[in-house]
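Reading through the structure tokens given below for one structure.
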Amino acid sequence: MIASFETLKTRVEGSVLHVSIDAPPINLMGPKLVRDLVDLILEFDQNEDIHVAVFKSANPDFFISHVDVTKIAAYREEAGRLTGEASVGMLFRRLSETKVVTIAQIEGRARAIGSEFALACDMRFAARETAIFSQFESAFGLTPGAGGIQHLVRLMGRGRALEALFTAADYDADLAERYGWVNRAIPAAELEGFTTQIAQRIASFPPFATTAIKARVNAIALASEADFRIDSDLFGDAVTNPEVGRRMKLAMQRGFQTRDTELDFGVFGHLDEIEP
Amino acid sequence: MIASFETLKTRVEGSVLHVSIDAPPINLMGPKLVRDLVDLILEFDQNEDIHVAVFKSANPDFFISHVDVTKIAAYREEAGRLTGEASVGMLFRRLSETKVVTIAQIEGRARAIGSEFALACDMRFAARETAIFSQFESAFGLTPGAGGIQHLVRLMGRGRALEALFTAADYDADLAERYGWVNRAIPAAELEGFTTQIAQRIASFPPFATTAIKARVNAIALASEADFRIDSDLFGDAVTNPEVGRRMKLAMQRGFQTRDTELDFGVFGHLDEIEP
Amino acid sequence: MIASFETLKTRVEGSVLHVSIDAPPINLMGPKLVRDLVDLILEFDQNEDIHVAVFKSANPDFFISHVDVTKIAAYREEAGRLTGEASVGMLFRRLSETKVVTIAQIEGRARAIGSEFALACDMRFAARETAIFSQFESAFGLTPGAGGIQHLVRLMGRGRALEALFTAADYDADLAERYGWVNRAIPAAELEGFTTQIAQRIASFPPFATTAIKARVNAIALASEADFRIDSDLFGDAVTNPEVGRRMKLAMQRGFQTRDTELDFGVFGHLDEIEP
Numbered sequence: 002m003i004a005s006f007e008t009l010k011t012r013v014e015g016s017v018l019h020v021s022i023d024a025p026p027i028n029l030m031g032p033k034l035v036r037d038l039v040d041l042i043l044e045f046d047q048n049e050d051i052h053v054a055v056f057k058s059a060n061p062d063f064f065i066s067h068v069d070v071t072k073i074a075a076y077r078e079e080a081g082r083l084t085g086e087a088s089v090g091m092l093f094r095r096l097s098e099t100k101v102v103t104i105a106q107i108e109g110r111a112r113a114i115g116s117e118f119a120l121a122c123d124m125r126f127a128a129r130e131t132a133i134f135s136q137f138e139s140a141f142g143l144t145p146g147a148g149g150i151q152h153l154v155r156l157m158g159r160g161r162a163l164e165a166l167f168t169a170a171d172y173d174a175d176l177a178e179r180y181g182w183v184n185r186a187i188p189a190a191e192l193e194g195f196t197t198q199i200a201q202r203i204a205s206f207p208p209f210a211t212t213a214i215k216a217r218v219n220a221i222a223l224a225s226e227a228d229f230r231i232d233s234d235l236f237g238d239a240v241t242n243p244e245v246g247r248r249m250k251l252a253m254q255r256g257f258q259t260r261d262t263e264l265d266f267g268v269f270g271h272l273d274e275i276e277p
Numbered sequence: 002m003i004a005s006f007e008t009l010k011t012r013v014e015g016s017v018l019h020v021s022i023d024a025p026p027i028n029l030m031g032p033k034l035v036r037d038l039v040d041l042i043l044e045f046d047q048n049e050d051i052h053v054a055v056f057k058s059a060n061p062d063f064f065i066s067h068v069d070v071t072k073i074a075a076y077r078e079e080a081g082r083l084t085g086e087a088s089v090g091m092l093f094r095r096l097s098e099t100k101v102v103t104i105a106q107i108e109g110r111a112r113a114i115g116s117e118f119a120l121a122c123d124m125r126f127a128a129r130e131t132a133i134f135s136q137f138e139s140a141f142g143l144t145p146g147a148g149g150i151q152h153l154v155r156l157m158g159r160g161r162a163l164e165a166l167f168t169a170a171d172y173d174a175d176l177a178e179r180y181g182w183v184n185r186a187i188p189a190a191e192l193e194g195f196t197t198q199i200a201q202r203i204a205s206f207p208p209f210a211t212t213a214i215k216a217r218v219n220a221i222a223l224a225s226e227a228d229f230r231i232d233s234d235l236f237g238d239a240v241t242n243p244e245v246g247r248r249m250k251l252a253m254q255r256g257f258q259t260r261d262t263e264l265d266f267g268v269f270g271h272l273d274e275i276e277p
Numbered sequence: 002m003i004a005s006f007e008t009l010k011t012r013v014e015g016s017v018l019h020v021s022i023d024a025p026p027i028n029l030m031g032p033k034l035v036r037d038l039v040d041l042i043l044e045f046d047q048n049e050d051i052h053v054a055v056f057k058s059a060n061p062d063f064f065i066s067h068v069d070v071t072k073i074a075a076y077r078e079e080a081g082r083l084t085g086e087a088s089v090g091m092l093f094r095r096l097s098e099t100k101v102v103t104i105a106q107i108e109g110r111a112r113a114i115g116s117e118f119a120l121a122c123d124m125r126f127a128a129r130e131t132a133i134f135s136q137f138e139s140a141f142g143l144t145p146g147a148g149g150i151q152h153l154v155r156l157m158g159r160g161r162a163l164e165a166l167f168t169a170a171d172y173d174a175d176l177a178e179r180y181g182w183v184n185r186a187i188p189a190a191e192l193e194g195f196t197t198q199i200a201q202r203i204a205s206f207p208p209f210a211t212t213a214i215k216a217r218v219n220a221i222a223l224a225s226e227a228d229f230r231i232d233s234d235l236f237g238d239a240v241t242n243p244e245v246g247r248r249m250k251l252a253m254q255r256g257f258q259t260r261d262t263e264l265d266f267g268v269f270g271h272l273d274e275i276e277p
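Chains as they are written, first to last, in the numbering used here: chain A, 2 to 277; chain B, 2 to 277; chain C, 2 to 277.
Written out as structure tokens, the structure reads:
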């Protein structure tokens, strides 16, 4: 029996937990969603009946849009309930260490912390026609604070990671696959069936094997707590920078955090949106 | 003059040694093949006339199928003759450090330790139409013990490595190329010519250069002896687990280690083969 | 106001500096080009108005061909003016650490140190029809000394890096993209527009963000000074080897360092050029 959440809809199928992210209108990562993710990870820790979790979005256009920039202190505070540190990066690192096998099924936009959440999962499968990835922090004068730097460099190498981090651009599913941002781009019509099949298959194998494998893989490829903390602190410090504030204000005036603006191209989708 | 082996057919061409793996009926890795590989690596160490070795299979359907699960203690014991440790992982790590440049020319199935042998070679070229790769250990409740975790994570990153290790699924040559499991998928009809050309070309360059380059590359990308030893011990410990034993017995009843079963789809080729 | 250089043509556009490498006839890396690169990096350090630099070649057939093997001591000496060490590897490592965002726009051949210069940049975009990459050092009995080993292994993994380093072969832009040698292969007709757009976009974001991101990415993916130094010393020591000298002399007799020979196939473009 799984606890109920405000922004997560869950469905149990054997030892597979299907989790649908449902924080209208655009799945912003704010205090409520962070709070629910903390509770879910605690549930993962304690519930021996959950072997695999599949994360998807209730909103076909947005997997997780990005953080709610009007509530940065509040959502970071919520994250601290799990780790003792007001840091979503440290929270996501704990997600990467959970015994549960986590699969991100990505439709729609996964920008900034939406991308970082997907990167914290064990596997990423993206809808070829609709998934969009971006780490747009540098456009504001920020650095990704929730593990994006650590994961992207290890997945795609220095050159492609610097490109993604510096350009702040949108990457579609096919390019994300070529760069290693996701495992594979899958036709949208087949995606749900594909992730469900994989989840059920893994769930049919002994949990002690997946736990042992994950520990050995993380020992190689999951960055240290110290590195996550540095990135998290850099983000936390930079949000007080006046130039960052000016750009956030400008972005809000242009429709940032509203559905239509983010749907069409994002504030940074075009090359000439932000003037120096 | 090269020593002769029971399960390896060799042919010398200049300073290129062609090695054909020939352990009928399906190139299982058992005590004889491990013994011959130990002798071959010792030959590499001592014979200054061998600069490049190309490994292929005498069996078009199986490169190396996997270990003979009925002889685990015996084949591990054989490996110890080279390194002093009863571990194929440590043996394969020594292969990765040999002065000889090693090329794996893969046709047919390379599952579990078959994949790990290929990963221990310096380069991997796969027949597009026939090569199949899998690390199926987790389906038994095991973890790959001969370096597969160490190599796959470094070659394809955390997400794709976890997918391969968790799903225990078959990967064809094209997907293996996209994931970095192999250097390239080559049309089967061109593969032998391709690897021979590369081998002859490398053999025409000074051995002191390839030796120096290999040492520098291994310093970056070959995992430590300690990491290989941990993985090897995890495998060795897990084989005594009753649930692993139950699954092995079940697999044998279903035709595991027989040609027809392994040819058609492997015991784990279908998603619903193993019940939890 | 940017200083003027003998082998580099520069053009300022906002905070983007366009740098065209112009050392006729084939953009060999000799003392003059190294001297100018030292001065350019010093300019990067001091000039707060430069945020992004795009490197391209004035010669459509050669990005940077390779080092001038007749002037090895002299060009290494020039590099020492920046770092105190007579090593182009250490110079290129400093380039990778500069606060300026660097983009390599590669048309034509980028062999040996030409490839290593591109690898030292933050991003690499290659003309699909014309760009060619090679680390041909092993054909001479040399090891790449200016960071090529460090970058290639981290970008493409052990197997593909060993292939490139051992075969000394030419890689076209598409294969270079598949291997991760470059970020992307772009149709030649679109390349200049593409890199200019990216440069202008990045230049519109706050420099303090790109500086912070670069430091964090380099902490993960830029090899240590010690590793660059080892590779540089290996190269420096090996050039005095008689067999290396013999091969260099042979190569010069065959047209090495002349336009026509290097244009058509390079001395090592064919598999049978160098006899053992």
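The beta-carbon is built from N, C-alpha and C at its ideal position, and this holds for glycine as well.
Taking any Cβ of chain C, which residues in the segment 218–231 of chain A have a Cβ under 9 Å from it, in chain order?
Listed by position, the residues of the segment 218–231 of chain A near chain C (Cβ gap below 9 Å) are A224, D228 and I231.
What does K215/C reach in chain A if we use C-beta pairs closer than 9 Å?
Going along chain A in sequence order, the residues near K215/C (Cβ under 9 Å) are L163, L166 and F167.
Tell me which residues share the same chain as E129/C and place their Cβ nearer than 7 Å to its Cβ, disregarding the 5 neighbours each side in the sequence.
Glu is not the amino acid found at residue 129/C; the sequence shown has Arg there. Excluding positions up to five away in sequence, the list reads A174, D175, A186, I187, P188 and A189.
Measuring only between beta-carbons, confirm whether G160/A sits less than 8 Å from chain C.
yes
Would you please state the rounded distance, in angstroms, between the beta carbons of S88/C and L29/C? I believe it to be under 8 Å.
In this structure S88/C is not in contact with L29/C, their Cβ atoms being roughly 18 Å apart against a cut-off of 8 Å.
Between the segment 122–137 of chain C and the segment 132–141 of chain A, do three or more beta carbon pairs fall short of 8 Å?
no
Put D173/C into one of helix, strand or coil per three-state DSSP.
It is a strand residue.
Using 8 Å as the limit for Cβ to Cβ distance, is R260/C near chain A?
no
Give the residues from the segment 118–140 of chain C that approach chain B closer than 8 Å (Cβ to any Cβ), ordered along the chain.
So the list reads E138, S139 and A140, given in the order they occur along the chain.
Proximal residues of chain C, C-beta to C-beta of F280/B below 7 Å
Absent from the model: residue 280/B. The displayed extent of chain B is 2 to 277, so no value can be given.
Identity of the residue in I104/B, P32/B and A140/B nearest A121/B by Cα
Checking every option, the nearest Cα to that of A121/B belongs to I104/B.
Along the chain, where does the alpha helix (DSSP H) that runs through R112/A open and close?
From DSSP, R112/A is part of no alpha helix (DSSP H) but of the beta strand (DSSP E) over R110 to R112.
Near D46/C, what residues of its chain come up, given a Cβ to Cβ distance below 8 Å and the 5 sequence neighbours on each side ignored?
T99 and K100
Touch test, the segment 231–242 of chain C against the segment 228–236 of chain A, Cβ-Cβ under 8 Å, three pairs minimum
no
What residues of chain C sit near I199/B, judged by a beta carbon separation below 9 Å?
The answer, in chain order, is E164, F167, T168, A170 and L272.
Collapsed DSSP secondary structure at E86/B in the structure displayed
coil
Could you list the residues in the segment 13–43 of chain B with a C-beta less than 9 Å from some C-beta on chain A, going in chain order?
none
What residues match up with E14/A in a beta bridge as DSSP calls it?
V17/A
Taking the continuous beta strand (DSSP E) assigned at R125/A, which residues delimit it?
M124 to A128
Strictly below 8 Å CB to CB, what residues from chain C border R155/B?
G158 and R159
Indicate whether the contact test is met: 3 or more Cβ pairs, each with one atom in the segment 195–213 of chain A and one in the segment 15–28 of chain A, closer than 8 Å.
yes
Straight-line Cα distance separating H52/A from T259/A
36 Å
Any chance you could list the alpha helix (DSSP H) runs of at least 4 consecutive residues sitting entirely within the segment 40–107 of chain A, in chain order?
Secondary structure in the segment 40–107 of chain A: the alpha helix (DSSP H) runs of 4 residues or longer, each lying completely within the stretch, are 73–84 and 89–98 in chain order.
Going by DSSP, name the residue or residues bridged to R185/C.
Per the DSSP secondary-structure output, R185/C pairs in a beta bridge with F126/C.
Within the same chain, show all residues whose beta-carbon is closer than 8 Å to that of E44/B, passing over the 5 residues directly before and after it, in chain order.
So the list reads I3, A4 and I51, once near-sequence residues are dropped.
Counting only C-beta atoms, is E244/B closer than 8 Å to chain A at any point?
yes
Taking I150/B as the query, report the chain A residues whose CB atoms sit under 8 Å from its CB, ordered along the chain.
The answer, in chain order, is I214, R217, V218 and I221.
For the beta strand (DSSP E) containing F134/C, name the first residue and the last one.
I133 to S135
Measure the alpha-carbon distance for D273/A versus V183/B and round it to whole angstroms.
Note that D273/A scores a pLDDT of 46, beneath 50, so its modelled location is shaky; the value from the coordinates is reported in the next line. For the pair D273/A and V183/B, the Cα-to-Cα distance works out to about 41 Å.
Under 7 Å from the C-beta of G181/B: neighbouring residues of chain C
By Cβ distance, chain C contributes G158.
How would you call P61/B, buried or exposed, if buried means at least 16 neighbouring beta carbons within 10 angstroms?
exposed
Please work out which residues of its chain come closer than 6 Å, Cβ to Cβ, to V218/B, disregarding the five sequence neighbours upstream and downstream, and give them in chain order.
none
Counted within 10 angstroms of its Cβ, other Cβ atoms place G194/A as buried (16 or more) or exposed:
exposed
Can you tell me whether K33/C is buried or exposed, with buried defined as 16 or more other CB within 10 angstroms of its CB?
buried
Which residues of the segment 82–113 of chain A have a Cβ closer than 7 Å to any Cβ of chain B? Give them in chain order.
V102
State the beta-bridge partners of L9/A as determined by DSSP.
I22/A
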